Each structure stands twice: as structure tokens, then as C-alpha cells.
Amino acid sequence: MAVNILTQTTCYHCGNDCDKDHYVLDGKDFCCAGCKGVYKVLSNSGLCNYYSYNEHPGATRTLVEKRFEYLDDPSIIADLVDFTDENITILTLYIPYIHCSSCIWLLEQLNRFNPAIYYSRIDFLKKQVSLRFNNREISLRQVVELLVDIGYEPLINLQDVIKKQQTGAGDNLVKKIAVAGFCFGNVMLLSFPEYLGLSEYEQTFRHFFGWLNVLFSLPVVFYCGREYFQSAYTNLRNKILNIDFPLALGIAVLFLRTLIEVLTHAGAGFADTLCGLVFFLLVGKFVQRKTYYHISFERDYRSFFPVAVQIVENGIEKPLPLSALKVGQRIRIRSNEIIPADAILLNGEARIDFSFVTGESAPVTKVWGEVVYAGGRQMGEAIELEVIKPVSQSYLTQLWNNEAFSRSQDNRMQTFNQKVSKYFSIVLLVIALGSLVFWLPVDVYRAFSAFTAVLIVACPCALALSTPFTMSAALSVFDRNFFYLKNTAVVEQLARINTIVLDKTGTITIGGENGVSNNAQLSSYDEQLIYSICSNSAHPLSVQICDYLKGAEKLRVSNYREIAGKGITAWVDGHNVQVGSQSFLTGGVDIAKSTEVHLMINGRYAGYFSFVNKYREGLEDIARLAADYKIYLLSGDQDRERKNLLPYFKGEGYMLFNQSPQQKLDFIKALQLAGKKVMMIGDGLNDSGALKQSDLGIAITDNVNNFSPGSDAILDGRSLRLLPAFLNLSKDSITIIHISFFISLCYNLLGLSYAVSGRLSPLIAAILMPLSTATIISFTSIATHLAAKKRKLS
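Note that my numbering numbers the sequence shown so that position 720 is 722, with each residue one more than the last.
Now the structure itself:
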């Protein structure tokens with residue numbers, strides 16, 4: 003029941019402010035029928051404990067039509083589910099509205115809504131729910147509609163259907179760490195008598211413990227360390243010396259020398275050093291690999307394309323999988339839906355938002371017979387179109403046919419390890435062979451002892467660990483400041499950047515929050531008239547006017563007529579009201595350089611609203627980087643704001659407008675050919691080519707779980723102001739790696755002084771290896787967090 007309340011109240015479900023006209027149920031206030039409906043469903047199911055876990059846990063929701071008919075299609079079901087048979091179906095759905103403990107509690111109680119749902123489990127980081135249900139009693143469509151009814155609509159898009167099965171290499175890294183850790187612990191325990199000199203008194207146990215150490219070394223070498231041998235062999239075949247070569251050589255020498263010494267009773271070997279080396283290397287690899295797996299960095303146009311589309315045949319509308327859409331078919335696109343293929347407009351008034359494709363934020367009006375390109379979002383009434391190109395051949399997909407999307411993106415910049423490992427391997431082999439040649443004429447045994455000792459003590463364990471631990475510490479700092487990097491190598495790429503390219507719409511401007519300037523003389527009653535007519539329109543400018551006039555009373559509207567691209571006319575409470583462009587109201591020519599909406603009441607001109615983009619906080623901080631970086635603006639939008647943006651850029655030549663996606667990509671490529679290391683920051687599909695082509699692509703977003711194009715990093719919009727600090731911290735991280743390499747080098751020189759003499763004892767190796775590793779890990783972690791504190795990022 004709708005009632006009028008004079009005081010401002012808060013919605014019991016979502017916590018948003020309620021308008022004057024809102025809903026009341028069980029003595030509780032709701033801002034909309036959607037929130038009231040969710041509460042009613044929960045109340046009827048006895049699940050109102052949902053509200054006891056968090057105050058206002060729900061998301062704002064509006065009632066939507068049942069639009070999931072396509073989930074009855076067997077071919078779509080087969081693509082979406084993880085497993086199904088004649089009774090059971092198991093699937094995983096992505097739900098972006100999961101945000102608190104209340105969400106988890108409610109979604110894990112779905113069986114109380116319908117017993118046919120056997121269980122539901124939440125992965126909070128991934129915002130996913132895993133469901134198992136009886137498909138004889140409830141269908142996939144009914145499960146999804148149930149989630150919609152309780153306010154948790156899953157996000158199902160084309161990428162879910164035609165996703166690539168990226169199963170990984172199946173290297174079982176965690177299992178390998180567990181095996182290596184178990185063996186390392188036991189070998190250290192069995193080696194203590196050797197360390198303390200007690201083995202001299204118990205020769206039988208000494209030999210027995212030695213063979214046990216060999217047995218513990220076998221899984222470490224042939225299971226846990228196998229990947230290093232494979233990598234070294236592959237790179238040697240390609241005439242490349244990477245850091246895996248000296249690591250594999252060190253592991254092999256440690257094992258062979260241990261086996262020989264135990265077999266000949268010449269000593270205890272180096273099983274403890276071997277197991278510790280592999281264990282710490284695997285831990286470093288785990289730290290390096292552990293990244294923000296709940297955030298998708300590999301996104302393309304399919305991430306926001308629908309799974310199915312409504313086609314019209316013989317006047318009857320029915321769903322069709324998008325993969326089956328063919329040229330010549332007639333499709334119906336409703337308000338706020340994506341156009342999935344290039345098509346010709348046949349019926350209706352098309353007002354298309356192409357901001358994801360072109361970067362131009364203002365909706366474009368299309369008339370009957372015009373071509374409408376894929377990727378646009380219809381902002382007005384339902385329209386009908388005839389498909390002229392398949393989805394795979396649309397203008398939008400041409401971006402992904404560019405070579406920038408097919409080339410490998412992982413080798414755009416060499417990391418410090420890649421640069422150093424080549425020379426390190428050569429120097430290591432020279433010293434080892436030199437020791438062999440020097441001692442060979444004197445003592446064959448001592449020569450081979452020196453040769454193997456050099457390879458053991460100079461094994462680049464600390465060097466291999468310095469980069470992953472430093473970069474992982476930096477990643478954790480970035481994470482706390484809402485800057486999410488794809489992997490640790492991106493930190494080094496960030497440090498080498500010398501050119502920054504910025505998109506405009508949605509990147510340096512705040513999407514959906516344009517400033518409204520009131521240049522009209524309106525009484526409170528006039529505001530009610532304007533609010534009433536604008537509240538009937540879905541046009542973005544009308545929505546912004548309603549937000550500006552929020553709180554005005556809504557009056558009765560009749561004879562409402564909206565002319566796409568021009569304006570609105572209607573009778574409001576007996577008054578003729580017109581809202582729109584200057585040419586629509588007066589018949590003159592639009593001469594304004596900014597976006598304006600003019601007003602007329604009963605034939606009287608009442609002024610206009612102007613709209614000026616609000617720039618994100620931090621644009622001034624980025625502008626100050628111009629002393630050290632070349633900074634460009636690259637926008638698909640028109641140049642209306644060139645004058646406003648000039649203070650943030652060095653000159654006119656640093657701002658390019660009306661750029662197509664291909665022109666953006668070509669501009670980045672031209673900078674790279676000039677020797678620049680380019681970082682591109684963008685937000686939409688029109689930036690995707692440039693993001694992929696750049697040396698470092700950053701997708702900026704106001705919600706990391708919403709669509710953003712494929713990139714190397716995702717930056718929360720509120721942290722744009724911290725970009726200078728992020729750049730400085732990345733450079734600090736490189737410095738820390740250089741210092742840690744120097745520390746590692748000191749340990750190696752100390753160890754080599756023993757090794758080249760051929761008298762390296764297992765005790766010295768057992769001390770030096772863990773000590774150098776612990777020093778490097780401690781130094782990199784502490785130094786990185788001190789650097790973050792210095793940059794005010796801690």
C-alpha cells in the first residue's frame with residue numbers, strides 16, 4: 003500500500019532513502035515495490051533472520067519482467083551447467099550482489115524456499131554460488147527466477163556459454179609444496195646427528211639415516227622439482243638461458259653428490275640443502291602465482307553480450323541462443339538491452355548508447371532503415387531490427403581480430419630476473435669449470451668436489467625468491483588501495499612506464515554522475531512540473547534532472563509524447579510542458595558548446611539545465627606527473643571539453659578527440675615505435691585494443707566485479723588519485739630487488755670461498771642456504787612495507 007510520508011525514511015531492505023511515495027508492510031518502510039517484494043518472500047519463508055546479520059543487507063531492486071525463457075533451451079542449459087543427468091543438475095552462477103554475511107546466509111538457505119534445491123554453497127571472493135538441484139522438480143529457469151525474486155539476480159552472459167576451458171597445466175603446486183615440506187622436515191631431523199657430530203659414534207645409524215635422506219630426496223627431485231628440469235631443457239633447446247637452468251643444475255648436482263657420498267660412505271651428502279632449496283622455491287612460486295583470482299582480467303565483448311536474444315517469427319516472439327542467430331532474422335531489443343549483431347532498424351525509435359564501443363557518452367538517435375552496430379545499448383522503447391551480419395563478423399568483433407589480441411602479452415618487457423639469469427648462469431659455469439680445471443692436476447676428487455660445491459652454494463635460490471616476495475608484498479599494498487594487478491610481473495612493467503595515455507569518458511570523468519547546473523528560474527511548483535514529465539523518460543539527461551529535483555512531488559501526466567533525440571512534451575496537472583533541445587522548443591539552431599536541456603511551460607521559456615562532466619578526484623595529481631611522464635588524452639568523445647581539460651595537459655597536441663577504437667590502437671603503436679613504454683588507462687570496449695597493445699593496460703572501474711575490458715590491472719575509480727604513489731612504489735620495488743640481489747651476491751661470494759677450495763661441508767651449506775633465503779624474504783617484505791609507508795599507501 004503506497005502512503006505519503008512527509009519525513010524522510012530509510013528502506014528496511016536496502017537502506018536507501020525513501021521518496022515521499024513509498025511502500026509499507028508489517029510496519030516497515032520500503033523504497034520500492036522490488037524491496038517490498040523481496041521482504042515479503044523472505045517473511046513468507048520464515049527467513050527474516052537475514053536482516054539480523056547486517057543492517058540493510060539487501061541491494062536496491064526493481065520489479066522486472068520474467069525474461070529468462072531462454073533458460074528452457076536444452077542447448078543453452080548444456081553449455082551453462084557443470085553436470086547434469088536425468089535427476090541431478092549442478093551449476094555455478096556469478097552473483098555480483100553478494101557483499102556481506104547476510105547474503106551468504108540467505109543464499110545457503112535456498113532449500114527452504116524449494117526443497118528441490120539440495121544445497122547451495124557460496125564462494126565469497128568469487129561472488130559465486132554453487133547449486134545442486136533435482137531437475138525433475140525444478141528447472142534451471144525456475145532456480146534463476148527464484149534468485150531474482152529474493153534480490154540476487156545472477157549475471158549470465160555470452161562468455162559463460164562459449165568460455166574457453168582453461169584448466170591449467172595441472173601442476174598440483176600445493177601438493178608439491180606439501181611433499182617438499184614433509185621431506186624437508188624429516189631430512190632436517192635425520193641430519194641433526196651429523197650437525198652435532200654425533201654420527202661419528204653411531205656409524206650404523208649414520209649410514210641408515212643417509213639412505214633415508216636419499217629416499218626422502220627422490221620425490222623432491224623427481225616430483226616436486228621436475229618442472230625446473232623441463233623448463234631448463236625447453237629453454238636450452240631454444241638457446242635461452244633463464245634462471246631455471248642454474249636451479250635445475252643445482253638440484254641435480256645436490257642429488258647426485260648426496261647419492262654418491264652415501265653410496266661410498268664418504269659423507270652425509272646435501273639432502274637437507276636439496277629439500278630446503280626445492281621447498282623454498284615452490285613457496286616462492288606459490289606466492290608469485292597467488293593473485294586476485296576472483297577478478298577477471300581476461301574480458302572481451304562477450305562479457306556483456308546476452309546468452310540469448312528474442313527473435314520475431316510470424317508475429318510470435320521466442321528466445322534463440324545468440325550462437326544460433328543468423329543473417330536475416332528479426333530481433334526485438336527492449337530498453338537497456340544490448341544489440342548483439344549489426345542490424346537494420348525496422349520498427350521503433352532507436353536511441354542507442356554506444357559508449358562501450360565508441361566512447362561517446364551521448365545517446366545516438368537512429369531512424370528507420372539505418373544500420374545499428376553491435377555493442378550499443380537501447381535506451382528507449384522496444385525496437386525491432388533485422389540482422390545483417392553474424393555476431394562473429396560484426397564491427398565490434400573486428401577489434402578482436404586485430405593482431406594486438408592474438409600476440410603474447412607476457413613478454414612485452416623483460417623482468418630483472420630474466421635479464422640477470424643469463425649472465426648469472428654463464429658466470430656460475432665459468433667459476434665451476436675454472437675450479438675443476440684448477441684442482442684437476444692436483445687432486446681429482448677435490449676437483450670434482452670443488453666443481454659440484456660451486457654449483458651447490460651458488461645456486462640462485464635467494465635470487466629466485468627476491469622478485470616474487472618483493473612483488474607479492476607490493477601486490478598486497480596495491481590490493482589494500484584497490485589497485486588489482488594481474489600478476490607480479492606487472493609491478494616491474496609499471497616501474498618502466500614513461501608515457502601515460504588516458505581515456506576520457508568514464509576514465510577521468512565520473513560515469514553517470516554528471517554535474518547539473520540550474521540556469522532556470524523555477525518556482526517549487528515549476529520544479530514539480532519538470533520532475534513529473536522527466537520521471538516518465540528513461541533518457542540519461544532526464545534521469546539526471548530527476549536526481550537533481552529529487553523530493554519534488556510527482557503530478558498527474560497526460561498526453562505524454564517523447565521524440566527521440568529532440569525532447570518531451572506532455573500535459574502535467576493541466577499545464578503544457580516541453581523539455582528538450584533548443585531547436586525543439588524554439589525552432590532555432592543549437593549553438594551551445596555544452597550539453598543543455600531547455601524548458602518551456604505554457605509557451606513561456608523557463609530557462610535550461612546544463613550538464614558539465616565531473617572529473618575524478620586525482621586528475622590534478624596525474625597532471626603533476628607531466629614533469630616525468632608524457633601524458634596524453636585519447637577520447638572517442640567530441641571535443642566540447644577541450645578548453646576545460648587544457649589545464650591538465652601540456653597543450654592541444656596532447657589531447658586527441660573523436661578517436662575510433664582502431665585509431666586509439668594505432669596511436670599507442672606509434673608511441674611504442676618511437677621507443678616509448680606506454681601505459682593506457684581506459685574503461686570501455688572502445689579502449690580494449692589500446693589496452694592490449696599498450697605495454698601496460700589498466701581498466702578503471704567503479705565496481706571491480708562489473709564489466710571491464712581485458713587488461714593487466716584493474717583500478718578502482720576512487721584510487722585514481724593514488725596513481726603517482728603506485729608508480730613510485732613500483733620503482734621502489736625494483737630498487738629493493740636490486741639490493742636483495744646484492745645481498746644474495748654477498749652470500750654467494752662467502753659460500754664460493756669455501757666451494758672453490760673443494761672443502762664445502764654439508765653443515766656450511768645447510769647454514770648458508772636457509773640463512774640467505776630467510777634474509778632475502780625478511781628484507782624484501784620489510785623494505786616493501788616501509789616503502790609503502792613512505793608513499794602513504796600503508
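Each residue gets a CB set at the ideal place from its N, CA and C atoms; glycine is no exception. Predicted model, so just to flag it, every value in this text is computed and none were measured.
Asked: Beta carbon of Asp704 nearer than 9 Å to that of Gly691; Found: no
Asked: Met602 - DSSP class collapsed to helix/strand/coil; Found: strand
Asked: Counted within 10 angstroms of its Cβ, other Cβ atoms place Trp213 as buried (16 or more) or exposed; Found: exposed
Asked: Distance between beta carbons of Ile532 and Val503, contact taken as under 8 Å; Found: The Cβ separation is near 40 Å, so there is no contact.
Asked: Reduced DSSP category for Ile702 - H, G, I as helix; E, B as strand; rest coil; Found: strand
Asked: Sequence ranges, beta strand (DSSP E) only - wholly within the stretch 542-567, length at least 3; Found: 559-565
Asked: Buried or exposed (CB count within 10 angstroms, at least 16 for buried), Gln695; Found: buried
Asked: Proximity to Val255 [Cα-Cα], best of Ser103, Ser537, Arg793, Thr275; Found: Thr275
Asked: Same chain, Cβ closer than 7 Å to Asp685, neighbours up to 5 away in sequence not counted; Found: Asp505, Gly508, Thr509, Ala701, Ile702, Thr703, Ser710
Asked: Buried/exposed call for Ile683, threshold 16 Cβ in 10 Å; Found: buried
Asked: Status (buried if at least 16 other CB within 10 Å, exposed otherwise) for His24; Found: buried
Asked: Coarse secondary structure for Ile253, derived from DSSP in three states; Found: helix
Asked: Alpha carbon of Val602 to alpha carbon of Asn483, nearest angstrom; Found: First, the residue type needs correcting, since residue 602 is Met and not Val in the sequence shown. Whole-angstrom Cα-Cα distance: 48 Å.
Asked: Extent of the continuous beta strand (DSSP E) run through Ile79; Found: Premise fails: Ile79 lies in the alpha helix (DSSP H), 76-82, not in any beta strand (DSSP E).
Asked: Endpoints, alpha helix (DSSP H) assigned at Ile670; Found: 663-675
Asked: CA-to-CA distance, Ser474 to Thr777, given in whole angstroms; Found: 16 Å
Asked: Residue nearest to Tyr650 in terms of C-alpha spacing, selected from Asn500, Pro663, Ile624; Found: Ile624
Asked: Range covered by the beta strand (DSSP E) that runs through Leu504; Found: 501-504
Asked: The beta strand (DSSP E) enclosing Asn578, as first and last residue numbers; Found: 577-582
Asked: Minimum C-alpha distance to Thr94 - residue among Phe135, Cys748, Arg259; Found: Phe135
Asked: Classification of Val311 by the beta-carbon crowding that lies within 10 angstroms, buried from 16 upward; Found: buried
Asked: Enclosing alpha helix (DSSP H) for Thr1 [first to last residue]; Found: It is not possible to answer for residue 1, since the shown part of the chain is limited to 3 through 796.
Asked: Secondary structure of Glu515, DSSP reduced to three states; Found: Confidence at Glu515 is low in this model, with a pLDDT of 44, below 50, so the placement of that residue should be treated as unreliable; the coordinate-derived value is given next. In the structure shown, Glu515 sits in coil (DSSP, three-state: anything other than H, G, I, E or B).
Asked: Outcome for Cys50 when other beta-carbon atoms lying within 10 angstroms are tallied against a minimum of 16; Found: exposed
Asked: Three-way DSSP call (helix, strand, coil) for Ser337 in this model; Found: coil
Asked: Cβ-based burial, Pro76 [other Cβ within 10 Å; buried from 16]; Found: exposed
Asked: Lys488, enclosing beta strand (DSSP E) - first and last residue; Found: First-last for Lys488: undefined, no H or E at that position.
Asked: Close Cβ partners of Glu319 (< 8 Å) along its chain, the five nearest in sequence each way excluded; Found: Gln312, Ile313, Arg334
Asked: Buried or exposed by the 16-neighbour rule on C-beta atoms within 10 Å, applied to Cys226; Found: buried
Asked: C-alpha gap between Ala497 and Ile738, whole angstroms; Found: 12 Å
Asked: Distance CB(Arg793)-CB(Leu722) smaller than 9 Å; Found: no
Asked: Backbone CA spacing between Tyr72 and Pro321 [nearest angstrom]; Found: 5 Å
Asked: Helix, strand or coil at Ser410 according to DSSP, with G and I counted as helix; Found: Here Ser410 scores only 45 on pLDDT, less than 50, and its place in the model should not be relied on; the value that follows carries that caveat. Of the three classes helix, strand and coil, the one that applies to Ser410 here is coil, per DSSP.
Asked: Expected contact under 8 Å - CB spacing of Ala384 and Ser337 to nearest Å; Found: 7 Å
Asked: Rounded straight-line distance, which links the Cα of His577 to that of Ala554; Found: 17 Å
Asked: For Phe32, the residue or residues it bridges with in DSSP; Found: Tyr25
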